[in-house]
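Worksheet: the structure to be examined is printed underneath.
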Amino acid sequence: MKAHCLVLLLLAVECSNPKKTETLEVLNPPSDQVIEINNSQKLLQTIMGTGEGIVRGIQFGDAIADVKKKEKAELFEEDETHVGYSFDTPNLETIDILYQKDKNNRVSGIELDIYMNTDTSNDSLKNEMVKQFTSLYGQPLPNGKLQTWALKPNGKVSIKVIKNNLDRGLEVRFTQSSKPLQ
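In terms of my numbering, the sequence shown opens at residue 2 and continues consecutively.
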């Protein structure tokens, strides 16, 4: 009986100790920067939409009535110059989208006002936008402080970073020009 207990005790001790040949793999959690980039990519896709149109399936010249049918964000204002929509992210960041109206009640410009919680998330979203716009429209135009891309045949898009004591975010402007770009 003593021998049987001794064998069981040795077996229990042997099983509880890892063997020298076994390796223990430790998984490192993703860094905050990797998480920010993944979140920024998802947020950019949510802001910009499916890839159709300039933003969220909307193009210059679309009827405002069509914008109202397509846009799923919450309408927060409308006047003779624009119609504005807004939505919040799960992180309580706010995106305002203003569709500018021309005299024929058609889209003449699109403004995105994006309010972010942290400088890191703001910088990460800007970097994702720069990558996407460069991929879609080519290299930015040599243009002072604002990063600006040509939208052929007749427009531009620019990104302005907002950083002050109260707010941080991005102002993205899609503007239509009257003359075609070369």
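For every residue, glycine included, the Cβ atom is placed at its ideal position computed from N, Cα and C.
The model shown is predicted, which means the values in this text are computed figures rather than measured ones.
Out of Q42, I111, P141, state which residue places its alpha-carbon closest to the alpha-carbon of G58. I111
DSSP has I48 in a bridge; who is on the other side? None; I48 has no bridge partner.
Consult DSSP for Q34 and reduce its assignment to one of helix, strand or coil. Residue placement at Q34 is flagged as unreliable, the pLDDT there being 48, under the threshold of 50; the coordinate-derived value follows with that caveat. It is helical.
Is the Cβ-Cβ distance between R107 and A74 less than 8 angstroms? no
Rounded to the nearest angstrom, what separates D97 and D114 at their Cα positions? 5 angstroms
Could you check whether the segment 167-179 touches the segment 117-131, counting it as contact only if at least three pairs of C-beta atoms, one from each stretch, sit closer than 8 angstroms? yes
Unbroken stretches of the beta strand (DSSP E), 3 residues or longer, contained in the segment 73-149: 75-79, 83-89, 95-102, 108-116
Considering only the alpha carbon of each residue, which of Q140, L45, L76, Q46 lies closest to K157? Q140
Span separating the alpha-carbon of T82 from that of D103: 7 angstroms
Cβ atoms of L44 and T119: under 8 angstroms apart, would you say? no
Hey, how far is the Cα of I163 from the Cα of Q46? 21 angstroms
Helix, strand or coil for I65? Go by DSSP, reduced to three states. helix
Beta strand (DSSP E) containing E172: first to last residue? 169-177
Neighbourhood of L142 by C-beta, 7 angstroms cutoff - its chain only, sequence neighbours within 5 removed: T149, W150, A151
Expected contact under 8 angstroms - CB spacing of G85 and E94 to nearest Å: Wrong, their Cβ atoms sit about 17 angstroms apart, outside the cutoff.
Smallest Cα separation from L147: which of L76, D67, K127? K127
Would you list the residues sitting across from G156 in a DSSP beta bridge? L152, Q177
Determine whether the beta carbon atoms of G50 and V56 lie at a separation below 8 angstroms. yes
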